[in-house]
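K.L.:
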Amino acid sequence: MSSICSLYKKKWFFIFSLCLFFGCKKEQTKQDAVVVKKETLFESIPSNETGITFNNAIEESPGNFFIVYNYAYNGGGVAIGDINNDGLSDIYFTGNQVENKLYLNKGDFQFEDITDSAGVGGGEGWDNGVVMVDINGDNLLDIYVCKGGFRGTDEERRNLLYVNNGDNTFSEKAKDYNIADSGFSMMASFFDMDNDNDLDMYLINRPKYFFTSFDDIKKGREEQNPLHRDKLYENINGVYKEVGQKSGINQTYSYGLGLSTSDLNNDGFSDIYVANDYLESDYFFENKGNKTFEQNIQSITNHVAFYGMGIDVVDFNNDGYEDIVELDMTSPDHIRAKTSMASMNVDGYNYILNAGNHYQYMHNMLQVNNGNGYFSEISQFAGIDKTDWSWSCIGSDFDNDGLRDLFISNGFRRDIFDKDATSILLKYVDSELKRQRTKSENVDHIVNLFNENKIPNYIYKNNGGLKFSSKGKDWGLEAASFSNGAAVSDLDNDGDLDLVVNNINDNAFIYKNNSEKSGNRFLKLKLKGPKYNTLGLGAKITLFKNDSIQYHELKNVRGYLSSVDPIAHFGLGITTTIDSVKVVWPDKKINLITNVKANTLLTVDYQQAKVIKETRNKYNPVFKDVTRSAFLGNTVKHTENNFNDFKNQILLPHKLSTEGPCISVADVNNDGFEDFYIGGAVNQAGRLFLQRSNETFIESKQTDFLNDKGFEDVASAFFDANGDGSLDLYVVSGGNEFSEHSSEYQDRLYLNDGKGHFNKSNNLPEITSSGGCVIPLDYDADGDLDLFVGGRLVPNRYTSAPKSYLLQNNSGVFVDVTTQHAKALEFVGMVTDAAWEDIDGDSKNELLLVGEWMPISVFQIKEGIFVKQDMPALNKTNGWWNTIEAKDIDQDGDMDFVLGNLGENYKFKASEEKPFYVFAADYDKNGTNDVFLAKDYKNKIVPIRGKECSTEQLPGISKRFTTYNAFAEADLGSILDDKALTSQKHEVYMFQSVFLINNGGSFKIKKLPNEAQYSTVQSIEIDDFNKDGINDILLAGNKFNVEIETTRADASIGALLEGDKQFDFKAVKPSLSGVFLPTNVKDIKPIKLGKNAKGVLVGVNNGSMHLLKMSN
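Residue 0 is where the sequence shown starts when you use numbering that gives the first Met the number 0, and the numbers rise one by one after that.
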């Protein structure tokens, strides 16, 4: 499929370069040698037993293949529901070139094809999505079919509504209900948009043509052609009226594939989420509660999928808030990924971002709901980010253990992303052979250049903590297929969810679930809703058991082009009785049922619901954002300069020029109130803010700060440099903008006159490293403060260790004594932070260092010399460390530490068994390090980045590897023509943020809670924030400035980790913590507000500062 490719001129390039800016195991017994089939969770029931022979057969021809119709292989849907009210769920399939089919469930997985007698074959045209709904309130399920191929008349594209006659026959009445839409329809969802107890409808339509440029999309948004735009139909007395444009469903022009109507922000009104394919970002239409909607996808998450496919909205972590899973199409296999990797187009990517599109990345998304209407995307943490060419996703509890698992359908008829095949094709289209052949012969040749991509479907077990493990083979889903739409239902009424899958060129899959044999229990709920919403769509169901809950908002449109059986299903594990079940209907009436037995089908009747006034808990959050009042309505904004770190080092993993701002706090004018300094980027001076008695801040203009605005401030510290009792300011100069040894890397010392006026001092030695941190320390025990300054990077020589400095304070004059007293520190690595603490109780401090590609390192002073201490617990702790903070966390009298790392929700993974590597050297002798990130793959080391961008860094690669497949199969040594890999090499063994628990001078590493692993941790503060006498941890940080093939680390909203008496920590929801920092946070610092209050300053790269005040 296409992406920014549409920014280019030639359609062949659009289609084929596909550039992006970036079944069962058998065992044999020894006794009788009989082959025994291993029992699995799912059992595939063959079509000769079920009677279901539906096959969505797609014929490739000159009139139908992936060039003339880009959605030729997108497949059809499934709808499941009990059409005759006999207690058995029936199945309807849509076909693209074949007739739709309706199968009546006769029991025991026996089905009867009643399509012809029922009159529901679909007629002419290309059918896509399908949903079962009781549209007229007669307690009979009707069937709505979306039609919209690439050809055909308006009449052939008119959507169908099969109204159930009650005798297993149907009458087509879409026109009668005014929903016979003739657009290029993909899917519809019926929902109660205005809580008036009838069902309205959202309809996805797509543009007629493919390979559209972003400018075409902008034009289409403005034109709002009724055949192409999405629509909203309001139910007015049983007949539908299209109200989309006046209701805010406007400016739509997209290839929507996934659809969910659900109350995503928990305000009592159903919102609309559309997963969009290609260039257009997903749509989030927030329901404003007055029959209008507002589209603002940027308001609920920091990024979305690029090729948005299927979508489901369910609660994966049982916190009472539903999460969003959305599919894309990236392969987890190294070779497939490298042969089909989309091309990197930085300018194209920035173009659509600047035009208003959201950040989009090419992998599956798991958007975890933070409970405040904002979602953190954690698919890479969860382990579900790459499942190849995926379509339908269904989050359901397949093993009945109380946690929702995840099914993903998979496969595509032709592997049109194959770049080697594309190269052959581009040559062929201009060849003499092509001109000699007939059209049919050419099509046959072209389609067969691209292999079939038939692969097994995925199913993931939910392990808890939002971690998933792949169980395809173990659970019996190992058949390769071209699978598309899918739906779930308890087809045999045994209490577990069976699975139905619509396949291209194969019979549909019918999977019987055998989890009833595990002993796990279940509860099913059938809702009897009001007259015109008999299914109870939109009702919110909560199960309560002791301190735990399960939650589900009933919706039947889930996954891709499909609708599931509208009966709510909950796995219960070993639970025998549920304390209570609460059902909140869209109009806010409530049913409350207590002492509900497991293994039952519970019917809940709206007519028995009552108006119960629910009092919302009023929380007093730990923090309150007081930024506006503290700065008198002004903003304190860090403005990052524009610099392209990747110009010379194309394969850098991230920018190094965007590390600021830094913050330092002190009472600089001796008035009893703490003030602060915030650093600036290049061409932005650092700023000093003085606190007044009313807890407000005013800027104190400093001439010398302004004169030094050409520096990049990355770290700072207040300390008494000259012994006059006033706190002076040291500022570290860093960044990546300047050449090696540039004078712009000279650090600065500003002396305080005692009244808060600062003058630049010349009492520093020459410093030529781009720095990362500064720590005042009296290393020589002479009563004044010396300085350790950590070197961060060497420009254009990534991974090379810059010089770090030990500066000795000689009566206010600082002397570089690194070589004499700290040789071990001089080129220790890419230092990001340091701590100066006594770790072994000998009343002498040690220096702890962390950094990028560095292990956690401890240095002792022995006879005036810094010596690295051998600590076995710290072996193989190499990470991408950002920060270290000291505190006696367990209150045992020694100093523990909390360390911020990259986190687990990132493209890169590392462990002791499988490290993450970097190899760097100036391979082409042009003065810059060529950087190759690498990983282990099948016992060899392979590059992370693809052939195109690697060739941009080293053009000779393309001469040695003329195909993408050859590059993909090569190890890094072969690619670099350096089989011994003798270049500079570093490893990472851990990306987790951790505790370092001190036990009498020896350390134990313990991982921080999962919420701390969702993104990079840039800064940490430790205090008793909730005033219960136990230390808590506040952390924040993201990494927005990465190369475009890597998803930004942007899932953190900040986290307050609340400690308990066992010194375990639990993340506090933002509604209780008051912490909501979804931005590119780089520093947080505590500050005393007034005489007694406490606050935290938050520094944001290229963004506005925040001030959080602790509650009294």
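Every residue, glycine too, gets a C-beta built ideally from N, C-alpha and C.
Which residue marks the beginning of the alpha helix (DSSP H) containing residue 772, and which one marks its end?
P.N.:
As a position in the sequence shown, residue 772 is number 773, starting the count at 1. Counting along the chain, residue 772 falls outside any alpha helix (DSSP H), though it belongs to the beta strand (DSSP E) covering 769 to 776.
K.L.:
Could you tell me how far apart the beta carbons of residue 554 and residue 259 are, in whole angstroms, since I believe they sit closer than 8 Å?
P.N.:
One-based indexing of the sequence shown puts residue 554 at position 555. One-based indexing of the sequence shown puts residue 259 at position 260. Yes, residue 554 and residue 259 are in contact; Cβ-Cβ is about 7 Å, under 8 Å.
K.L.:
What are the residues that DSSP puts in a beta bridge with residue 669?
P.N.:
Residue 669 sits at position 670 when you count from the first residue of the sequence shown. Paired residues: none, contrary to the question.
K.L.:
Around the C-beta of residue 489, are 16 or more other C-beta atoms found within 10 angstroms, so that it is buried, or is it exposed?
P.N.:
By one-based count along the sequence shown, residue 489 stands at place 490. So residue 489 ends up on the buried side.
K.L.:
Alpha carbon to alpha carbon, what distance is there between residue 669 and residue 812?
P.N.:
On the sequence shown, position 813 is the one that residue 812 refers to. On the sequence shown, position 670 is the one that residue 669 refers to. Distance between the alpha carbons of residue 812 and residue 669 is about 24 Å.
K.L.:
Report the option in 289, 651, 693 and 217 whose CA atom is closest to the CA atom of residue 671.
P.N.:
As a position in the sequence shown, residue 671 is number 672, starting the count at 1. Ranking 289, 651, 693 and 217 by Cα distance to residue 671 puts 693 first.
K.L.:
When DSSP builds the beta bridges, which residues end up paired with residue 1147?
P.N.:
As displayed, the chain neither begins before 0 nor continues past 1111, which places residue 1147 out of reach and without an answer.
K.L.:
Answer with buried or exposed for residue 1031, where buried requires no fewer than 16 other C-beta atoms within 10 angstroms of its C-beta.
P.N.:
Here residue 1031 refers to the residue found at position 1032 when the sequence shown is read from its first residue. Result: buried.
K.L.:
Please report how far the alpha carbon of residue 350 lies from the alpha carbon of residue 934, in whole angstroms.
P.N.:
Within the sequence shown, residue 350 is the residue found at index 351, counting from 1. Within the sequence shown, residue 934 is the residue found at index 935, counting from 1. C-alpha separation (whole angstroms): 32 Å.
K.L.:
Rounding to the nearest angstrom, what Cα-Cα distance links residue 297 and residue 263 in this structure?
P.N.:
Reading the sequence shown from its first residue, position 298 is the one you call residue 297. Reading the sequence shown from its first residue, position 264 is the one you call residue 263. Taking the straight line joining both Cα atoms gives about 14 Å.
K.L.:
For the 8 Å Cβ check, are there 3 or more pairs between the region 590 to 600 and the region 143 to 160?
P.N.:
These segments do not touch.
K.L.:
Can you tell me where the beta strand (DSSP E) with residue 541 in it begins and where it stops?
P.N.:
Residue numbering aside, residue 541 sits at position 542 when the sequence shown is read from its first letter. Looking at the DSSP string, the run of the beta strand (DSSP E) that includes residue 541 is 539 to 544.
K.L.:
Find the nearest neighbour of residue 106 within the set 98, 86, 121 and 96, judged by alpha-carbon distance.
P.N.:
Your numbering for residue 106 matches position 107 in the sequence shown. Ranking 98, 86, 121 and 96 by Cα distance to residue 106 puts 86 first.
K.L.:
Just mark residue 102 as buried or exposed, buried being the case when its beta carbon has 16 or more other beta carbons within 10 Å.
P.N.:
Within the sequence shown, the letter at position 103 stands for residue 102. Buried.
K.L.:
State the Cα-Cα distance for the pair residue 689 and residue 1088, rounded to the nearest angstrom.
P.N.:
Start at 1 with the first residue of the sequence shown, and residue 689 comes out as number 690. Start at 1 with the first residue of the sequence shown, and residue 1088 comes out as number 1089. For residue 689 and residue 1088, the distance between alpha carbons rounds to 11 Å.
K.L.:
Alpha carbon to alpha carbon, how far is residue 996 from residue 822?
P.N.:
Counted from its first residue, the sequence shown places residue 996 at position 997. Counted from its first residue, the sequence shown places residue 822 at position 823. In a straight line, the C-alpha of residue 996 is about 28 Å away from that of residue 822.
K.L.:
What are the uninterrupted segments assigned as beta strand (DSSP E) that are 3 or more residues long and contained completely in the region 485 to 529, given in chain order?
P.N.:
With a minimum length of 3 residues, the continuous beta strand (DSSP E) runs that stay inside the region 485 to 529 are 497 to 502, 508 to 512 and 520 to 527.
K.L.:
With DSSP collapsed to three states, give me the class of residue 123.
P.N.:
Against the sequence shown, residue 123 aligns to sequence position 124. Coil, per DSSP.
K.L.:
To test your reading of the DSSP string, which unbroken beta strand (DSSP E) runs of 3 or more residues are found completely within the region 132 to 193?
P.N.:
The region 132 to 193 contains these whole beta strand (DSSP E) runs: 141 to 146, 159 to 163, 169 to 171 and 184 to 190.
K.L.:
Grouping DSSP H, G and I as helix and E and B as strand, with all else coil, what is residue 386?
P.N.:
To locate residue 386, count along the sequence shown from 1; it is residue 387. Three-state result, residue 386: coil.
K.L.:
So, does the region 1074 to 1094 touch the region 998 to 1013, judging by three or more C-beta pairs under 8 Å?
P.N.:
No contact exists between the region 1074 to 1094 and the region 998 to 1013.
K.L.:
Please return the same chain residues whose Cβ sits closer than 8 Å to the Cβ of residue 802, not counting the five positions on each side in sequence.
P.N.:
Counting from one through the sequence shown, the residue named residue 802 turns up at place 803. The residues are 767, 768, 790, 817, 825 and 826.
K.L.:
Can you tell me whether residue 518 is buried or exposed, with buried defined as 16 or more other CB within 10 angstroms of its CB?
P.N.:
Position 519 of the sequence shown, counted from the first residue, corresponds to residue 518. So residue 518 counts as exposed.
K.L.:
What residue range does the beta strand (DSSP E) around residue 426 cover?
P.N.:
To locate residue 426, count along the sequence shown from 1; it is residue 427. Careful: residue 426 lies outside any beta strand (DSSP E), inside the alpha helix (DSSP H) at 418 to 427.
K.L.:
Taking residue 749 as the reference, give the member of 739, 620, 212 and 760 with the closest Cα.
P.N.:
Numbered from its first residue, the sequence shown carries residue 749 at position 750. Nearest C-alpha to residue 749: 760.
K.L.:
Classify residue 617 as buried or exposed, calling it buried when 16 or more other Cβ atoms lie within 10 Å of its own Cβ.
P.N.:
Along the sequence shown, one-based indexing puts residue 617 at 618. It counts as exposed.
K.L.:
Could you give the residue range of the beta strand (DSSP E) that holds residue 959?
P.N.:
Position 960 of the sequence shown, counted from the first residue, corresponds to residue 959. Counting along the chain, residue 959 falls outside any beta strand (DSSP E), though it belongs to the alpha helix (DSSP H) covering 955 to 959.
K.L.:
Can you tell which of 178, 275 and 630 has its C-alpha closest to the C-alpha of residue 359?
P.N.:
As a first step, residue 359 must be located in the sequence shown, where it is residue number 360. When each option's Cα is compared against that of residue 359, the closest is 275.
K.L.:
Which residues does DSSP list as the beta-bridge partners of residue 998?
P.N.:
Walking along the sequence shown from the start, residue 998 turns up at place 999. 1001.
K.L.:
Less than 9 Å between the beta carbons of residue 381 and residue 365, yes or no?
P.N.:
Counting from one through the sequence shown, the residue named residue 381 turns up at place 382. Counting from one through the sequence shown, the residue named residue 365 turns up at place 366. Yes. Within cutoff.
K.L.:
Leaving aside the five residues before and after residue 1139 along the sequence, list all residues of the same chain whose C-beta is less than 7 Å from its C-beta, in chain order.
P.N.:
Residue 1139 lies beyond the range of the chain shown here (0 to 1111); nothing can be said about it.
K.L.:
On the DSSP bridge assignment, give the partners of residue 747 in chain order.
P.N.:
The residue labelled residue 747 in the question sits at position 748 within the sequence shown. Residue 747 is bridged to 730.
K.L.:
Does the region 282 to 299 come within contact of the region 244 to 258, defined as at least 3 CB pairs closer than 8 Å?
P.N.:
Output reads yes: the region 244 to 258 touches the region 282 to 299.
K.L.:
Would you kindly check if the distance between the Cβ of residue 543 and the Cβ of residue 1095 is under 9 Å?
P.N.:
Position 1096 of the sequence shown, counting from 1, holds the residue named residue 1095. Position 544 of the sequence shown, counting from 1, holds the residue named residue 543. Not in contact: residue 1095 and residue 543 (Cβ atoms no closer than 9 Å).
K.L.:
State the Cα-Cα distance for the pair residue 1108 and residue 1093, rounded to the nearest angstrom.
P.N.:
Translated into the one-based positions of the sequence shown, residue 1108 becomes position 1109. Translated into the one-based positions of the sequence shown, residue 1093 becomes position 1094. Taking the straight line joining both Cα atoms gives about 6 Å.
K.L.:
Quick one, are the C-beta atoms of residue 202 and residue 187 less than 9 Å apart?
P.N.:
Position 203 of the sequence shown, counting from 1, holds the residue named residue 202. Position 188 of the sequence shown, counting from 1, holds the residue named residue 187. Closer than 9 Å, so yes.
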